[in-house]
Amino acid sequence: MSIKRFINSFKYAYWGLKKVFIEEQNFQMHTLSAIVVLILSVFVFNFSYIELAITLICIALVLTAEIINTAIENTWDHLEPNHHPVVKSVKDMMAGTVMLVSIFSTVIWVIIIIHHF
Numbered sequence: 000m001s002i003k004r005f006i007n008s009f010k011y012a013y014w015g016l017k018k019v020f021i022e023e024q025n026f027q028m029h030t031l032s033a034i035v036v037l038i039l040s041v042f043v044f045n046f047s048y049i050e051l052a053i054t055l056i057c058i059a060l061v062l063t064a065e066i067i068n069t070a071i072e073n074t075w076d077h078l079e080p081n082h083h084p085v086v087k088s089v090k091d092m093m094a095g096t097v098m099l100v101s102i103f104s105t106v107i108w109v110i111i112i113i114h115h116f
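Written as structure tokens, this is what we have:
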């Protein structure tokens with residue numbers, strides 16, 4: 000792999016993240032929530048390195064699930080703009096995936112917080 004291709008791969012990744020952040024309200028909401036959680040974790044609850052690492056993993060999982068959800072939804076909207084029932088089902092399952100990861104991440108964070116009381 001050439002240096003130029005290697006650098007371009009980072010540019011494309013940056014553009015993808017920028018696009019999802021600018022265009023997707025749910026990603027913006029998750030990002031804002033992540034910032035609040037990190038501020039609380041570090042400055043209010045004084046998380047240990049392990050607790051902070053677990054929190055960062057949960058944040059990464061939520062944001063990644065949201066990006067995958069968006070990519071699949073956009074692909075299906077392009078391929079099948081007439082809202083086929085199968086497309087609706089796939090999109091609903093992806094939304095459920097994001098919700099499930101978000102719920103479990105929240106529960107994990109609450110468990111960590113409870114330990115601080």
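Oh and the sequence shown: position 112 is 111 in numbering that gives the first Met the number 0, straight run, nothing missing. Note that beta-carbon positions come from the ideal geometry of N, C-alpha and C, so glycine has one too.
Roughly how many whole angstroms lie between the Cα atoms of residue 74 and residue 80? 10 Å
How should residue 14 be labelled, buried or exposed, when 16 other C-beta atoms within 10 angstroms of its C-beta is the threshold for buried? exposed
Once DSSP output is grouped into helix, strand and coil, what is the label at residue 114? Judged by DSSP in its simplified three-state form, residue 114 adopts helix.
Could you give the distance in angstroms between the alpha-carbon of residue 84 and the alpha-carbon of residue 31? Distance between the alpha carbons of residue 84 and residue 31 is about 33 Å.
In chain order, what residues of the same chain have a beta carbon less than 7 Å from the beta carbon of residue 103, not counting five sequence neighbours either side? none
Let me check understanding here. Comparing Cα to Cα, which of 36, 23, 17 and 77 lies closest to residue 107? For residue 107, the nearest C-alpha among the options comes from 36.
Cutoff 7 Å; reference residue 101; Cβ partners in own chain excluding five residues on either side: 61
Where does residue 25 fall in DSSP's three states? helix
Three-way DSSP call (helix, strand, coil) for residue 79 in this model: Three-state DSSP puts residue 79 in coil, outside helix and strand.
On the criterion of 16 or more Cβ atoms from any shown chain inside 10 Å, does residue 40 qualify as buried, or is it exposed? buried
Say whether the stretch 10-29 touches the stretch 47-67, bearing in mind that this needs 3 or more beta-carbon pairs closer than 8 Å, one atom from each stretch. yes
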